[in-house]
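Participant: First, the structure itself, so that you have it in front of you.
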Ligand code: ASP
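Residue numbers (this note's numbering): 59 to 398.
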């Protein structure tokens, strides 16, 4: 995973040095934008189960989720169990155990979950618990609140049978120690330091749910919380319309409330990809997009799905019609050299 990230990071930097000014000057005119280059929409009959999730590890999450959906399980269980497999993988450096720590060496986790009834649960700045998504689910199911943070979240988790464990793996510890030598604090996300898993599923009843879980930005300031536990930013579900989720630099996702925006745009007739693209454009118009990445993913009630990202490199996994496939999302910035 680190190799892939480094590679993407380098190619991103290389690509950004070419042709970026011309591209930027077109940002207010959607007609001028690059059109979608990948197949990312598909019709699906209602009540056909579908699971969709960010990044390559989305495939594993989809496998777990689809099994549940095909056994007539609920979408909310599918998206909880789906992302748990990624949280439990110590090799994944962006989620759960093995997550990249903050700049002081602490792994702090954010997660949220939302069901078809509009119920939501979230946890942020949680330490020592491998499955923040299940803590979020418990908060949703068993408390009158939506979000618990830090020590309170940990106390709640321990009271509810979750076990405290060390989430800093040898690999992440070594990488952190290496980072400490230069201590370059760079809160801007590019392709090397984001890989949050967000997942959306529709079950056989046609109900929609979503989840999101992350260790957040690598080497972030202690106490930093991103978009991932914020309902409406990293995730939003409206069972009448569809759902959307995010990955990338949480700060701009929070400031534009991307997932809520996407669902509202779909309510007003946009396709999932059009809605994701508009949410990306809100970022492009206001912020310095050259050094950040955000990818959005959306599914509507009919099971059509779509995605859009700021930069090249965002992919997602879709499990539908018996196939679990990876798709490269269309994106705003196109390097003219790569086009030829
Ligand atoms: N959205 C996450 C955050 O800002 C980062 C990621 O997508 O990996 O914490």
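Virtual Cβ for every residue (Gly too), placed ideally from N, Cα, C. Quick caveat, the model's predicted, so the values are computed rather than measured.
Going by C-alpha distance, which of 315, 154, 266 and 225 is nearest residue 190?
Facilitator: As a position in the chain shown, residue 190 is number 132, starting the count at 1. If we check each option's Cα against that of residue 190, 154 comes out closest.
Participant: What would DSSP say about residue 381, mapped onto helix, strand or coil?
Facilitator: Start at 1 with the first residue of the chain shown, and residue 381 comes out as number 323. Three-state result, residue 381: strand.
Participant: Please list the segments of the alpha helix (DSSP H) lying wholly inside the region 162-244, counting only runs of 4 or more residues, in order along the chain.
Facilitator: Segments of the alpha helix (DSSP H) lying fully in the region 162-244: 190-200, 208-217 and 228-240.
Participant: Candidates 170, 328 and 183: which alpha carbon is nearest residue 282's?
Facilitator: By 1-based counting over the chain shown, the position of residue 282 is 224. When only C-alpha atoms are compared, the closest one is 183.
Participant: Report whether the distance from the Cβ of residue 269 to the nearest heavy atom of the ligand ASP is below 6 Å.
Facilitator: Here the question's residue 269 lines up with position 211 in the chain shown. Flag unset: Cβ of residue 269 not near the ligand ASP.
Participant: Can you look up residue 127 in the DSSP assignment and give me helix, strand or coil?
Facilitator: In the chain shown, the residue the question calls residue 127 occupies position 69. If DSSP states are grouped into helix, strand and coil, residue 127 belongs with the helices.
Participant: CB-CB under 7 Å to residue 94, same chain, minus the five flanking residues each way: which ones, in chain order?
Facilitator: On the chain shown, residue 94 is found 36 positions in, with the first residue counted as 1. Legend: pLDDT at residue 94 = 39, less than 50; position of this residue unreliable, no value from coordinates given.
Participant: Inspect the beta-carbon positions of residue 324 and residue 299 and report whether they are closer than 7 Å.
Facilitator: One-based indexing of the chain shown puts residue 324 at position 266. One-based indexing of the chain shown puts residue 299 at position 241. For residue 324 and residue 299, yes; Cβs fall inside 7 Å.
Participant: Measuring only from the beta carbon, is residue 286 closer than 6 Å to any heavy atom that is part of the ligand ASP?
Facilitator: In the chain shown, counting from the first residue as 1, residue 286 sits at position 228. Yes, the beta carbon of residue 286 sits closer than 6 Å to at least one heavy atom of the ligand ASP.
Participant: Does the region 164-182 come close enough to the region 192-207 to have 3 or more Cβ pairs within less than 8 Å?
Facilitator: Contact holds: three or more Cβ-Cβ distances are below 8 Å.
Participant: Just verifying my parser: in three-state terms, what is the DSSP assignment at residue 114?
Facilitator: On the chain shown, residue 114 is found 56 positions in, with the first residue counted as 1. The answer is coil: DSSP assigns residue 114 none of H, G, I, E or B.
Participant: Exposed or buried, which one is residue 203 when buried takes at least 16 other CB atoms within 10 Å?
Facilitator: The residue you call residue 203 lines up with position 145 of the chain shown. Under this definition residue 203 is an exposed residue.
Participant: Could you name the residues that DSSP lists as bridge partners for residue 351?
Facilitator: By 1-based counting over the chain shown, the position of residue 351 is 293. None, per the DSSP bridge assignment.
Participant: Can you name the residues that DSSP bridges to residue 158?
Facilitator: Counted from its first residue, the chain shown places residue 158 at position 100. None, per the DSSP bridge assignment.
Participant: Could you tell me the distance, in whole angstroms, from the CA atom of residue 269 to the CA atom of residue 222?
Facilitator: Here residue 269 refers to the residue found at position 211 of the chain shown. Here residue 222 refers to the residue found at position 164 of the chain shown. For residue 269 and residue 222, the distance between alpha carbons rounds to 22 Å.
Participant: Using the three-state DSSP reduction, which class does residue 80 fall into: helix, strand or coil?
Facilitator: By one-based count along the chain shown, residue 80 stands at place 22. Annotation note: pLDDT 28 at residue 80 (below 50); position unreliable, no value reported.
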